[in-house]
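Q: Dropping a structure here in structure tokens format, bear with me for questions.
There are 6 protein chains.
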Amino acid sequence: MDSWLNTLQTDTPQEGFELALKLARMGVKYTQPSDEARATLRDQYADDHAALTAASHVVAVNFQTVAAANNWWR
Amino acid sequence: MDSWLNTLQTDTPQEGFELALKLARMGVKYTQPSDEARATLRDQYADDHAALTAASHVVAVNFQTVAAANNWWR
Amino acid sequence: MDSWLNTLQTDTPQEGFELALKLARMGVKYTQPSDEARATLRDQYADDHAALTAASHVVAVNFQTVAAANNWWR
Amino acid sequence: MDSWLNTLQTDTPQEGFELALKLARMGVKYTQPSDEARATLRDQYADDHAALTAASHVVAVNFQTVAAANNWWR
Amino acid sequence: MDSWLNTLQTDTPQEGFELALKLARMGVKYTQPSDEARATLRDQYADDHAALTAASHVVAVNFQTVAAANNWWR
Amino acid sequence: MDSWLNTLQTDTPQEGFELALKLARMGVKYTQPSDEARATLRDQYADDHAALTAASHVVAVNFQTVAAANNWWR
Numbered sequence: 001m002d003s004w005l006n007t008l009q010t011d012t013p014q015e016g017f018e019l020a021l022k023l024a025r026m027g028v029k030y031t032q033p034s035d036e037a038r039a040t041l042r043d044q045y046a047d048d049h050a051a052l053t054a055a056s057h058v059v060a061v062n063f064q065t066v067a068a069a070n071n072w073w074r
Numbered sequence: 101m102d103s104w105l106n107t108l109q110t111d112t113p114q115e116g117f118e119l120a121l122k123l124a125r126m127g128v129k130y131t132q133p134s135d136e137a138r139a140t141l142r143d144q145y146a147d148d149h150a151a152l153t154a155a156s157h158v159v160a161v162n163f164q165t166v167a168a169a170n171n172w173w174r
Numbered sequence: 201m202d203s204w205l206n207t208l209q210t211d212t213p214q215e216g217f218e219l220a221l222k223l224a225r226m227g228v229k230y231t232q233p234s235d236e237a238r239a240t241l242r243d244q245y246a247d248d249h250a251a252l253t254a255a256s257h258v259v260a261v262n263f264q265t266v267a268a269a270n271n272w273w274r
Numbered sequence: 301m302d303s304w305l306n307t308l309q310t311d312t313p314q315e316g317f318e319l320a321l322k323l324a325r326m327g328v329k330y331t332q333p334s335d336e337a338r339a340t341l342r343d344q345y346a347d348d349h350a351a352l353t354a355a356s357h358v359v360a361v362n363f364q365t366v367a368a369a370n371n372w373w374r
Numbered sequence: 401m402d403s404w405l406n407t408l409q410t411d412t413p414q415e416g417f418e419l420a421l422k423l424a425r426m427g428v429k430y431t432q433p434s435d436e437a438r439a440t441l442r443d444q445y446a447d448d449h450a451a452l453t454a455a456s457h458v459v460a461v462n463f464q465t466v467a468a469a470n471n472w473w474r
Numbered sequence: 501m502d503s504w505l506n507t508l509q510t511d512t513p514q515e516g517f518e519l520a521l522k523l524a525r526m527g528v529k530y531t532q533p534s535d536e537a538r539a540t541l542r543d544q545y546a547d548d549h550a551a552l553t554a555a556s557h558v559v560a561v562n563f564q565t566v567a568a569a570n571n572w573w574r
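Chains as they are written, first to last, in our numbering: chain A, 1 to 74; chain B, 101 to 174; chain C, 201 to 274; chain D, 301 to 374; chain E, 401 to 474; chain F, 501 to 574.
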């Protein structure tokens, strides 16, 4: 896998949240590397509330990590 | 996405809890950006106890982050 | 929503646990504000072990937050 | 509810783990107070691996809290 | 239950990971004490990817606790 | 099991994320040691969005541990 994560530091909380999203998606990509397969799956879960909540849960866990790395942008 | 998260600091724990709710919803919105699609899904899960508990779980995880950011409003 | 969360500080661990329960329920109430709808759902999940375990899980996550806020009542 | 949680301090890690178990069960009991109903549910989930894993998960989350409260019994 | 957990300290991260596994299994054993029943269940979930992922999740939560107890073996 | 985890320290966040992936997979391997059985299961869950999200969740939990061990690569 190419380099995609050099730092957990971000300028703003919002960029940190978006990095958390990226971490959640990369957690999927390492298991299912096919872009086409993931696009198909995304179409399915975008209308499935349990799946969207589960995705938001993973983002929340990663956001804890990123926020701590940034000392909560205090 | 427009700017929506400039700080994790809030004046009160309740505002922090409401920010945690917003983080949970934004975790969904980034995956399903359509307001209409999300409104339809919300109608479904508002009467589904497993879904409501799952939503509350994501809020709880985000509330951990916000509470730490505010030094637990001590 | 009226004011319902002014502090995370409690006198005892048990009061902290009960606050964690309240946080878990408020996480549901913000999504499903109808008292009647929530009462109906509670009747369903009170005899569903997966639902009860899931509810206890959310309480546990919130109890982590409350316990940290109180420096674990040391 | 009577007094059942006066401290998170325990003498040993094992007692701390057992307290985490108690916290997990109390999280259920507050929602389903009937001893009879909970006994019936326990008979069901004792032979359901998903339910047992979910129960162990809640214990693990509570054990994080109890271990931190005891400074990990270092 | 006999004594099985006297310390969270381990010499290496790997031993810590294996302790996290033990904690996950003990979380099950306290609810289902029968060795025979647990062996039957293990045969079922060893070929069920959702169950294996759920088991790995519980190990991960316990590993957080053990790693913190060991100051991350720094 | 042979030695596979000597340290949680990594040079970069990306290597830390990849270690978190390894921890998630080892959590499965200890329960299902057969390489063949795990390969079969992976083929199944690689096209199952709930399973991929669940896998990403476990990685996220382990990444919290690894990131803390590395002081978030600050």
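All C-beta atoms, glycine included, are put in the ideal place defined by N, C-alpha and C. Every value quoted in this text rests on a predicted model; they were computed, and no experiment measured them.
1. Using the rule of at least 16 other Cβ atoms within 10 Å of the residue's Cβ for burial, across every protein chain shown, is A/E36 buried or exposed?
2. What number of angstroms, rounded off, separates the C-alpha of D/N370 from the C-alpha of F/D547?
3. Considering only the beta carbon of each residue, do E/A468 and F/V558 sit closer than 9 Å?
4. Of all the CB atoms in chain D, is at least one closer than 9 Å to the CB of E/L405?
5. Which residue marks the beginning of the alpha helix (DSSP H) containing E/T407, and which one marks its end?
6. B/T107 and C/A251: beta carbons closer than 9 Å?
7. Shortest alpha-carbon distance to B/Q114 belongs to which of C/E218, C/T210 and C/D202?
8. Closer than 7 Å, Cβ to any Cβ of chain B: which residues of the stretch 52-73 of chain A, in chain order?
9. Does the beta carbon of C/D247 come closer than 9 Å to any beta carbon on chain D?
10. In the structure shown, what three-state DSSP assignment does A/G31 receive?
11. Do A/G16 and A/V66 come within 9 Å of each other at the CB atom, strictly closer than that value?
12. Just by C-beta distance, which residues in the stretch 308-330 of chain D are closer than 7 Å to chain E?
13. Would you verify that the beta carbon of E/A450 is, or is not, closer than 9 Å to some beta carbon of chain F?
14. How about F/A539 and E/S456: are their beta carbons less than 9 Å apart?
15. Of all the CB atoms in chain F, is at least one closer than 9 Å to the CB of E/R438?
16. For E/L441, collect the residues of the same chain with a Cβ closer than 8 Å to its Cβ; drop the 5 residues on either side in sequence, then sort them by chain order.
17. Which residues in the same chain have their Cβ closer than 6 Å to the Cβ of E/A420, if we skip the five residues on either side of it in sequence?
18. By the 10 Å Cβ neighbour count, where 16 or more other Cβ atoms means buried, how is A/W75 classified, buried or exposed?
19. Grab me the residues of D/Y330's own chain with a C-beta within less than 8 Å of its C-beta, minus the 5 sequence neighbours each way, in chain order.
20. If I follow the unbroken alpha helix (DSSP H) through D/N370, where does it start and stop?
21. Express the C-alpha separation of F/D543 and A/Q9 in angstroms, rounding to a whole number.
22. Please state the DSSP three-state secondary structure of F/T512.
23. What is the rounded straight-line gap between the Cα of B/E118 and the Cα of A/E18?
A: A quick look at the data gives this:
1. exposed
2. 43 Å
3. Going by C-beta atoms, E/A468 is not nearer than 9 Å to F/V558.
4. yes
5. Looking at the DSSP string, E/T407 is not in any alpha helix (DSSP H), and its letter there is neither H nor E.
6. no
7. C/D202
8. Of all residues in the stretch 52-73 of chain A, L52, T53, A55, S56, H57, V59, A60, V61, F63, Q64, A67, W72 and W73 have a Cβ within less than 7 Å of some Cβ in chain B.
9. yes
10. The question names Gly, yet the displayed sequence has Thr at residue 31 of chain A. A/T31: coil per DSSP, three-state reduction.
11. If you check the CB distance, A/V66 and A/G16 come in under 9 Å.
12. T312, P313, Q314, F317 and L321
13. True, the Cβ-Cβ gap to chain F drops below 9 Å.
14. no
15. no
16. Within the same chain, Cβ atoms closer than 8 Å to the Cβ of E/L441 are found at Q432, the five residues on either side in sequence being excluded.
17. V459, N462, F463 and V466
18. Only positions 1 to 74 of chain A appear in this structure, which leaves residue 75 of chain A out of reach.
19. M301
20. That residue, D/N370, is in no alpha helix (DSSP H); it is neither H nor E in DSSP.
21. 35 Å
22. coil
23. B/E118 and A/E18: Cα-Cα distance of roughly 19 Å.
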